[in-house]
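Here the UniProt record's numbering is used: the first residue of the sequence shown is 1, the next is one more, and so on. For each residue, glycine too, the CB sits at the ideal point set by N, CA and C. Reading through the structure tokens given below for one structure.
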Amino acid sequence: MNQIFQSEELDDGSEVSSCEDENELRSRNNVLEGPNPWIRKYSPGDQSVPLLSFDGTFGPKNCPPLASPPIEYVYLFLALDFLACIVSHTNNYATHILINNRDNLGQHSICFKWRQTTIEEIKSFFAIIINMRLIRKPTRFAYWSTSDSQQTPWYAKVMPRMRFQLVLEFFHLTRANLPRAHQEGNDACDRFQPIIDQFNTPYRYHFNPRQNLSIDETFIGAKNRPQLIPYLPNKHHHKWGIKL
């Protein structure tokens with residue numbers, strides 16, 4: 001009888017232990033099936049990162065003398081050799097278009113009135129572009145309006161409207177025969193990379209940033225057909241453009 005009771009007690013204990021094993025197995029399976037739990041690896045005191053002391057100097061450097069006119073600060077970024085490069089590439093591109101695409105141009109196209117540009121004219125071209133950002137008008141041609149209520153005589157004095165249109169049409173920063181899209185060696189950034197390189201160099205030479213920098217993106221509105229243009233319907237000002 002004692003043996004029988006002992007065996008029954010063992011059976012009861014084995015059933016309890018088997019139930020415990022099943023519960024433990026289920027709990028493990030639930031842990032594996034669900035998201036991994038957060039486990040603290042370091043104590044809160046170990047998570048503090050020592051701040052490095054900032055002992056650098058920041059602000060403008062290598063600037064022109066204090067009495068220098070504003071144009072001297074412009075030339076820090078638009079150096080004469082860079083302007084000469086623009087003149088060369090613009091003239092070469094205009095020649096390339098007039099030779100290779102002559103049959104595709106209309107008989108009265110303004111492109112046939114092209115003459116070689118110069119450094120002084122490119123300076124005037126940039127002056128108009130910059131001033132257009134200060135004085136906003138609905139269209140490009142409105143800056144040369146002769147209406148008494150809307151005219152701004154400065155633009156016509158700097159450059160005639162048709163000449164500005166021609167320079168804008170042939171304005172180029174690189175060689176004319178760049179590889180096209182889907183051709184070997186094509187890089188979508190080749191057409192504007194020279195001006196980025198040109199501005200990055202004087203930025204490093206003439207200004208030291210502060211300790212904390214905030215990098216943000218910008219969206220340049222455009223509706224031409226390069227590979228870099230995305231369509232962002234949530235943008236209010238520009239839905240098509242290049243994201244930088």
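- I119 sits away from V158, with the two beta carbons spaced by 7 Å or more.
- With a cutoff of 7 Å on beta-carbon distance, A176 and N92 are scored as near each other.
- Under the rule that a run must span 4 or more residues, no alpha helix (DSSP H) segment is found entirely inside the segment 86-118.
- The three-state reading of DSSP puts N208 in strand, counting E and B together.
- With at least 16 other beta carbons inside 10 angstroms of its own, Y155 counts as buried.
- Beta-bridge analysis with DSSP links G221 to G241.
- Comparing alpha-carbon positions, the option among N101, H172, K137 and R161 lying closest to T90 turns out to be H172.
- W114 and L83 have their alpha carbons spaced roughly 19 Å apart.
- Contact between R210 and F58 is confirmed by a C-beta separation of about 5 Å, below the 8 Å threshold.
- At the C-beta level, F207 and P65 stay beyond 7 Å of one another.
- Between I130 and V87 the beta-carbon gap is near 18 Å, outside 8 Å, which marks them as no contact.
- Look at the segment 132-192 and you find these whole runs of alpha helix (DSSP H), each 4 residues long or longer: 153-158 and 161-170.
- Between the C-alpha atoms of T201 and Y143 there is a straight-line separation of about 33 Å.
- Within the same chain, no Cβ atom closer than 6 Å to the Cβ of C85 is found once the five residues on either side in sequence are excluded.
- Each residue's CA atom was taken as its position, placing L80 and L134 some 24 Å apart.
- Residue pairing from DSSP places P60 in a beta bridge opposite F207.
- Within the model, the alpha-carbon separation for S147 versus F141 is close to 12 Å.
- A direct Cα-Cα distance of roughly 11 Å separates F77 from R204.
- No residue range can be given for P37, since it is assigned to no alpha helix (DSSP H) and is classified by DSSP as neither H nor E.
- Less than 7 Å separates the beta-carbon of T174 from that of D190.
- Assignment of P65 by DSSP, reduced to helix, strand and coil, places it in the coil class.
- A straight line joining the alpha-carbon of P138 with that of I110 spans about 23 Å.
- Linking T95 to N101 through their CA atoms gives a straight-line distance of about 10 Å.
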